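Please read the structure below before turning to the comments.
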Amino acid sequence: MNDEPLVLGIETSCDETGVGLVRGGTLLVDAVASSVDEHARFGGVVPEVASRAHLEAMVPTIERACREAGVRLQDVDAVAVTSGPGLAGALLVGVAAAKALSVGLGVPLFGVNHLAAHVAVDTLEHGPLPEPTMALLVSGGHSSLLLVPDVTADVRPLGQTIDDAAGEAFDKVARLLGLPFPGGPHVDRQAREGDPGAIAFPRGLSAPHDLERHRYDFSFSGLKTAVARWVERRQADGEPVPVADVAASFQEAVVDVLTRKAVAACRENGVDHLLIGGGVAANSRLRAVAQERCDAAGITLRVPRPGLCTDNGAMVAALGAQLLARGRTPSALDLPADSSMPVELVRA
Ligand code: KG4
Ligand code: ZN
Numbered sequence: 236m237n238d239e240p241l242v243l244g245i246e247t248s249c250d251e252t253g254v255g256l257v258r259g260g261t262l263l264v265d266a267v268a269s270s271v272d273e274h275a276r277f278g279g280v281v282p283e284v285a286s287r288a289h290l291e292a293m294v295p296t297i298e299r300a301c302r303e304a305g306v307r308l309q310d311v312d313a314v315a316v317t318s319g320p321g322l323a324g325a326l327l328v329g330v331a332a333a334k335a336l337s338v339g340l341g342v343p344l345f346g347v348n349h350l351a352a353h354v355a356v357d358t359l360e361h362g363p364l365p366e367p368t369m370a371l372l373v374s375g376g377h378s379s380l381l382l383v384p385d386v387t388a389d390v391r392p393l394g395q396t397i398d399d400a401a402g403e404a405f406d407k408v409a410r411l412l413g414l415p416f417p418g419g420p421h422v423d424r425q426a427r428e429g430d431p432g433a434i435a436f437p438r439g440l441s442a443p444h445d446l447e448r449h450r451y452d453f454s455f456s457g458l459k460t461a462v463a464r465w466v467e468r469r470q471a472d473g474e475p476v477p478v479a480d481v482a483a484s485f486q487e488a489v490v491d492v493l494t495r496k497a498v499a500a501c502r503e504n505g506v507d508h509l510l511i512g513g514g515v516a517a518n519s520r521l522r523a524v525a526q527e528r529c530d531a532a533g534i535t536l537r538v539p540r541p542g543l544c545t546d547n548g549a550m551v552a553a554l555g556a557q558l559l560a561r562g563r564t565p566s567a568l569d570l571p572a573d574s575s576m577p578v579e580l581v582r583a
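Take the position in the sequence shown, starting the count at 1, then add 235; the result is the number in the numbering used here.
So this is what it looks like as structure tokens:
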């Protein structure tokens, strides 16, 4: 019988209701109910629809997680929940459920930062995190470069997007090209048939004068507009839009900037491990270019499998388990759902 603590993690910051169970450093189950199909016809996540879907999915997803892991709720030793950042109403559903479980079961509660959880999840697949680790988090809601000396206590933001998130840019460009939402996987697939050098799209915040002020920051809004103008010009000329070439050239611009800045951040801060997380980490070109550039720079690359990169409950449970193992103080019962929780704050 394994007597390591059993931690239940709850994630509801966006459109995935995630419930994960982790024992010690081992993943038992990762149950996810997504409302993404309900948002597809709006071309983006609708907060009210997401909150309602979380309410409906919460209890069934907790029950499914326990059933699949072969544990009872009474066996849970601690509860962790995303307390921010994210959609306020969506976060509230998870935080309320976690408080109820914590009180009902008489176990400690950890309200955790969603971004730190994206970093912590990799331990479930690749073992303890090297300290420090550099983390590049890229999803529909965030694009951040974080220096992580200790994921349970010390996470330092080096840079972030100053406008759109990387995944948001994928979704918007997909829409321009007539591809379904969420667009990232469709752009990825189209790009495999296209020429990444066909169109020279701009690399945001990469010119020398931008690098002075925004060394590790990203910007994808100008790129998105450049793609839109290019497509409009073709259409105005009555020419067909070469979807695969546009997808490949756009993707190349995003991947080039992300990997270039992440590798520079490692080198300039003396960090030899890079972790990539968030939904965009599933991108095949990002994974390939990151591997090439890390190999060339002597950096070890860690990327969790795609199911652990997108939002899920296991990542929250993983961080909860590490907080517990390091003896960090649990959160108070009045912990807030904080939609703009600062990234430096690992737990509420
Ligand atoms: O982490 P995630 O599931 O949720 C957020 O916190 O946003 O990330 C979803 C984002 C979407 O924007 C989606 O288009 C993008 O990740 N994505 C991808 C790929 N798979 C998902 N972007 C590029 N290439 C992919 N293969
Ligand atoms: Zn996320």
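Yeah, the Cβ is synthetic: ideal placement off N, Cα and C, and Gly gets one too. Being a predicted model, the structure only gives us computed values, none of them experimental.
### Message
At a cut-off of 7 Å, would you count F455 as near the ligand KG4, judging by its Cβ distance to the nearest heavy atom?
### Response
No, the beta carbon of F455 sits no closer than 7 Å to any heavy atom of the ligand KG4.
### Query
Going by the C-beta, is S183 closer than 7 Å to any heavy atom of the ligand ZN?
The question about residue 183 has no answer, for the chain in this structure spans 236 to 583.
### Message
Cutting at 6 Å between CB atoms, please list the residues of its own chain near T535, excluding the five before and the five after it.
### Response
H508
### Message
Tell me whether G513, by its Cβ, gets closer than 7 Å to a heavy atom of the ligand ZN.
### Response
yes
### Task
May I have the straight-line CA-CA distance separating P431 from L458, to the nearest angstrom?
Approximately 14 Å, taken between the alpha carbons.
### Message
The alpha helix (DSSP H) that contains Q526, what's its start and end?
### Response
S519 to A532
### Task
Indicate whether the contact test is met: 3 or more Cβ pairs, each with one atom in the stretch 328-338 and one in the stretch 565-579, closer than 8 Å.
yes
### Message
With H, G and I counted as helix, E and B as strand and the rest as coil, what does DSSP make of M369?
### Response
strand
#### Entry: Candidates R464, L440, E246 and G514: closest to G324 by CA position
It is E246.
### Query
Helix, strand or coil: how does DSSP classify I245 here?
In the three-state scheme derived from DSSP, where H, G and I count as helix and E and B as strand, I245 is classed as strand.
### Inter-residue spacing [alpha-carbon to alpha-carbon] between A549 and G473
49 Å
### Message
So, with DSSP's three-state summary, where would you put G555?
### Response
Three-state DSSP puts G555 in a helix.
### Query
N518: beta carbon under 7 Å from a heavy atom of the ligand KG4?
Yes, since a heavy atom of the ligand KG4 falls inside the 7 Å radius drawn around the Cβ of N518.
### Message
Suppose you measure from the CA of V314 to the CA of L263; what does that come to, to the nearest Å?
### Response
15 Å
### Cβ neighbours of G418 in the same chain (closer than 6 Å, five flanking residues each side left out)
F405, D406 and A409
### Query
DSSP state of S456, grouped into three classes?
In this structure, DSSP gives S456 a helical state, which the three-state scheme calls helix.
### Query
Where does R258 land, buried or exposed, given buried means 16+ other C-beta within 10 angstroms?
buried
### Message
Measuring only the C-alpha atoms, how far is P365 from A553?
### Response
Taken atom to atom, the span from the alpha-carbon of P365 to that of A553 is near 16 Å.
### Task
Alpha carbon to alpha carbon, how far is P475 from D265? Give it in angstroms, no decimals.
44 Å
### Message
Is the beta carbon of P367 closer than 8 Å to that of P384?
### Response
yes
### Task
Quick one: residues in its chain with C-beta nearer than 6 Å to the C-beta of A235, no 5 flanking neighbours on either side, listed in chain order?
No answer is possible for residue 235: the residues shown for the chain start at 236 and end at 583.
### Message
Given the structure, does C249 come close to the ligand KG4, in the sense that its CB is under 7 Å from one of the ligand's heavy atoms?
### Response
Yes, Cβ of C249 sits closer than 7 Å to a heavy atom of the ligand KG4.
### Straight-line gap, P240 to S374 (C-alpha atoms, nearest Å)
30 Å
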